[in-house]
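>
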Amino acid sequence: MDEQTTEINRSRQPLTVTLREFELTDVDDYFVWASDDRVSPWWRWDTFTNKEDVLTFMEETVLPHPWMRAICLDGRPVGAISVTRRTAEHQCRAELGYVIASQYWGRGITTEAVKLVLGTIFGDMEGLERLEALVLVQNVGSQKVLEKAGFTKEGILKKYLIHKGKISDMVMYSFIPSEN
Amino acid sequence: MNHDEKNQNPKTPTITLRKFTLSDVDAFMSWAADPRVTRFQRRDPYSDPADALAYITTHILPHPWYRAICIDNTPVGSISVKPAPGEDRHRASIGYRLAYDYWGKGIATEALKLTIKAAFEELDHLERLEAIADVDNPASQRVLEKAGFKEEGILRKYVRLKGETRDMVMFSFLLSDAV
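Listed in order, the protein sequences are those of chains A and B. With the first letter of the first sequence counted as 1, position 25 gets the number 25 in the UniProt record's numbering; the numbers rise by one all the way through. With the first letter of the second sequence counted as 1, position 146 gets the number 146 in the UniProt record's numbering; the numbers rise by one all the way through.
1. Could you spell out the range, first to last residue, of the beta strand (DSSP E) harbouring B:P138?
2. Which residues mark the beginning and the end of the alpha helix (DSSP H) in which A:V114 is found?
3. In its own chain, which residues sit with a C-beta less than 8 Å from the C-beta of A:S168, not counting the 5 before and 5 after it?
4. Go through its chain and collect everything with a Cβ distance to B:A84's Cβ below 6 Å, but skip five positions before and after it.
5. When the Cα of B:K105 is compared with those of B:L53, B:S140, B:L161 and B:I60, which residue comes out closest?
6. Provide the residue span of the beta strand (DSSP E) that contains B:A68, from first to last.
7. Taking C-beta pairs closer than 7 Å, name the residues in chain A that B:G163 reaches, listed in chain order.
8. When DSSP builds the beta bridges, which residues end up paired with A:C72?
9. State buried or exposed for A:H90, treating a residue as buried only when at least 16 other CB atoms are found within 10 Å of its CB.
10. By the criterion of Cβ-Cβ separation under 9 Å, what are the contact partners of residue 191 of chain B in chain A?
11. Just reading off the beta strand (DSSP E) that B:L172 is part of, what are its end residues?
12. Consult DSSP for B:L161 and reduce its assignment to one of helix, strand or coil.
13. Counting pairs of beta carbons, one from the stretch 146-156 of chain B and one from the stretch 74-90 of chain A, are three or more of them closer than 8 Å?
14. Could you give the C-beta distance for B:I94 and B:T115, rounded to a whole number, given that I count them as a contact under 8 Å?
15. Taking the alpha-carbon of B:P64 as reference, which of B:Y46, B:Y100, B:K19 and B:I107 has the nearest alpha-carbon?
16. Residues in its own chain within less than 7 Å of B:V143 by CB, not counting five upstream and five downstream?
17. What residues from the stretch 86-108 of chain A come within 7 Å of chain B, judged by C-beta to C-beta, listed N to C?
18. Could you tell me which whole alpha helix (DSSP H) segments of length 4 or greater appear in the stretch 9-81 of chain B?
19. In the DSSP assignment, find the beta strand (DSSP E) that holds B:D134 and state where it starts and stops.
20. Can you confirm whether A:S174, when its beta carbon is compared against all beta carbons of chain B, has any partner nearer than 9 Å?
21. Using a Cβ-Cβ cutoff of less than 8 Å, which residues in the same chain neighbour B:D167 once the five nearest sequence positions on both sides are dropped?
22. Taking the continuous alpha helix (DSSP H) assigned at A:V137, which residues delimit it?
23. Taking B:S78 as the query, report the chain A residues whose CB atoms sit under 9 Å from its CB, ordered along the chain.
24. Can you tell which of B:D34, B:L126 and B:L22 has the C-alpha that lies nearest to the C-alpha of residue 180 of chain B?
25. Identify the contact partners of A:E129 in chain B, using a Cβ-Cβ distance below 8 Å as the criterion.
26. Need the endpoints of the beta strand (DSSP E) that A:T152 sits in, please.
27. Under 7 Å Cβ to Cβ from B:T12, same chain only, skipping five residues before and after it: list those, please.
28. Count the other C-beta atoms from every protein chain shown that fall within 10 angstroms of the C-beta of B:R67, then say buried if there are 16 or more, exposed otherwise.
29. Closer than 8 Å is the cut-off here; do at least three beta carbon pairs connect the stretch 38-57 of chain A with the stretch 98-106 of chain A?
30. Taking B:V169 as the reference, give the member of B:A178, B:E130 and B:D124 with the closest Cα.
31. Looking at the C-beta of B:G95, does it have a partner C-beta in chain A at a distance below 9 Å?
32. Could you tell me which of A:M58, A:G165 and A:V78 sits nearest to A:R107, measuring between CA atoms?
33. So, for B:I132: in the same chain, excluding its five sequence neighbours on each side, which residues have a beta-carbon less than 6 Å away from its beta-carbon?
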């Protein structure tokens, strides 16, 4: 199992953020953010209401995913982060996605998780040269995470994605190891 | 397709768009076999018309929206609109290619204008047309701008092209821009 660690000192309260692969036994922790009404508005999926559905989602989507990790705080999953190639023809690019339980927002945990991914993904995924992320224009929190992690804002793609039934403008960010 | 000549650059010949047929294979080779045209395309130039025929049959004829750019009903290029995958049916991307001898006459710009109008009329739910052009292809960037597309940004190391990773300029034309 892969583990990367970093320690953050924040008001004399050290936090250890690590990444590891998910297991089905993480379902209770996964349910925490998957059922959180503060989290799901930022995502295309609807809030989960029961653990059975989360278990199914973990079996069908999370565990088979080519690159997805639990974001752990002091060893316990508090979110998820994934890197996904969306096209077969352009192996040079992949999309970053992440979610974290709302009680952990604003503590720099997601930024640390993104930095851990940046340290490993270009070695893990052969041919990857571009890690990109699309963020809703109104999701200022997520934009700050990417900027602090060193991503470059490339532009706003208007009416790019349908989010919760509404056609939405997205900010495109990217990280290019040779340039960023 | 009818075309309003008042809107056209006086130097541009009258162009029309129509569907391809198998008998267009020779005309198709006039751009598809030319390395100057395929320079910014993923595929290499065709050398065998049989391969071109196979491409017309398997890719062009079943395509959701693929048209020949014609002068006097003879194809001099092609233009296609491809809906985005999955849930994002409101979005489609445009690609076009023109035989080298017809470059620099405003033909691609005109074909784009006709396509924009037709795509928003014919494709349900379409709200965003997009196109990407290689950073080293300023001619194509100018064509898109002249057709009314707006540059949104440069996507670095975005696509693989003939063994290289390329930076691309992203352009869009929104339904709300079309009024």
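Note that CB positions come from ideal geometry on N, CA and C, so glycine has one too. This one's a predicted model, so the numbers in the text were calculated from it and none came from an experiment.
Reading off the structure:
1. For the purposes of this step, residue 138 of chain B is taken as the residue at position 138 of the second sequence. Membership of B:P138 in any beta strand (DSSP E) is not indicated; the residue belongs instead to the alpha helix (DSSP H) covering P138 to K146.
2. In the first sequence, counting from the first residue as 1, residue 114 of chain A sits at position 114. That run of the alpha helix (DSSP H) goes I109 to D124.
3. In the first sequence, counting from the first residue as 1, residue 168 of chain A sits at position 168. Around A:S168: L136, V137, K159, Y160, L161 and I162.
4. As a working mapping, residue 84 of chain B is identified with position 84 in the second sequence. Excluding positions up to five away in sequence, the list reads R91.
5. Here residue 105 of chain B refers to the residue found at position 105 when the second sequence is read from its first residue. Taking only the C-alpha atoms, the option nearest B:K105 is B:S140.
6. As a working mapping, residue 68 of chain B is identified with position 68 in the second sequence. Run containing B:A68: Y66 to I71, per the beta strand (DSSP E) assignment.
7. The sequence position of residue 163 of chain B within the second sequence is 163, counting from 1. What B:G163 touches in chain A: nothing, since even the nearest Cβ is about 11 Å away.
8. As a working mapping, residue 72 of chain A is identified with position 72 in the first sequence. According to DSSP, A:C72 bridges with A:T18 and A:P77.
9. Position 90 of the first sequence, counting from 1, holds the residue named residue 90 of chain A. Answer is buried; the Cβ neighbour count reaches 16.
10. No statement about residue 191 of chain B is possible, as the shown extent of chain B runs from 1 to 179 and does not include it.
11. Translated into positions along the second sequence, residue 172 of chain B becomes position 172. It should be noted that the sequence gives Ser, not Leu, for residue 172 of chain B. It spans E164 to L174 - the beta strand (DSSP E) in which B:S172 sits, taken as one unbroken run.
12. Within the second sequence, the letter at position 161 stands for residue 161 of chain B. B:L161 falls in the strand class under three-state DSSP.
13. They do not touch, by the three-pair rule.
14. Numbered from 1 along the second sequence, position 94 holds the residue referred to as residue 94 of chain B. Numbered from 1 along the second sequence, position 115 holds the residue referred to as residue 115 of chain B. Distance from B:I94 to B:T115 at the Cβ level is roughly 6 Å; contact confirmed, criterion being Cβ atoms closer than 8 Å.
15. Within the second sequence, numbered from 1, the residue matching residue 64 of chain B stands at position 64. Per the Cα distances, B:K19.
16. On the second sequence, residue 143 of chain B is found 143 positions in, with the first residue counted as 1. Only A108, T109 and L112 meet the Cβ criterion.
17. Answer set for the stretch 86-108 of chain A: E89, H90, Q91, C92 and R93.
18. DSSP runs (the alpha helix (DSSP H)) wholly in the stretch 9-81 of chain B: 25-32, 35-38 and 49-55.
19. Counting from 1 along the second sequence, the entry for residue 134 of chain B is found at position 134. For B:D134, the uninterrupted beta strand (DSSP E) segment begins and ends at R128 to D134.
20. The sequence position of residue 174 of chain A within the first sequence is 174, counting from 1. Chain B contact via Cβ: present.
21. For this step, residue 167 of chain B is matched to residue 167 along the second sequence. Correct list, in chain order: D134, V135, I154, L155, R156, K157 and Y158.
22. Mapped onto the first sequence, residue 137 of chain A falls at position 137. Careful: A:V137 lies outside any alpha helix (DSSP H) and carries neither H nor E.
23. The residue labelled residue 78 of chain B in the question sits at position 78 within the second sequence. Near B:S78 there are no residues of chain A at all, since even the closest Cβ is about 19 Å away, more than 9 Å.
24. Residue 180 of chain B is absent from the model: chain B starts at 1 and stops at 179.
25. Along the first sequence, read from residue 1 onward, the residue named residue 129 of chain A stands at position 129. Contact annotation for A:E129 against chain B: K157 and T165 [CB-CB distance below 8 Å, chain order].
26. Taking the first sequence and counting its residues from 1, one reaches residue 152 of chain A at position 152. Secondary structure note for A:T152: its beta strand (DSSP E) is the uninterrupted segment T152 to H163.
27. Counting from one through the second sequence, the residue named residue 12 of chain B turns up at place 12. For B:T12, where only same-chain residues beyond five positions count, the Cβ hits under 7 Å are K105, G106, I107 and E110.
28. Residue mapping note: residue 67 of chain B aligns to position 67 of the second sequence, counting from 1. In this structure B:R67 is buried. Its beta-carbon is surrounded by 16 or more other beta-carbon atoms within 10 angstroms.
29. A contact between stretches requires three or more CB pairs, one per stretch, nearer than 8 Å, and the stretch 38-57 of chain A meets this requirement with the stretch 98-106 of chain A.
30. Counted from its first residue, the second sequence places residue 169 of chain B at position 169. Nearest option by C-alpha distance: B:E130.
31. Counting from 1 along the second sequence, the entry for residue 95 of chain B is found at position 95. No, its Cβ sits nowhere closer than 9 Å to a Cβ of chain A.
32. As a position in the first sequence, residue 107 of chain A is number 107, starting the count at 1. Answer by Cα proximity: A:V78.
33. Counted from its first residue, the second sequence places residue 132 of chain B at position 132. Correct list, in chain order: M168 and M170.
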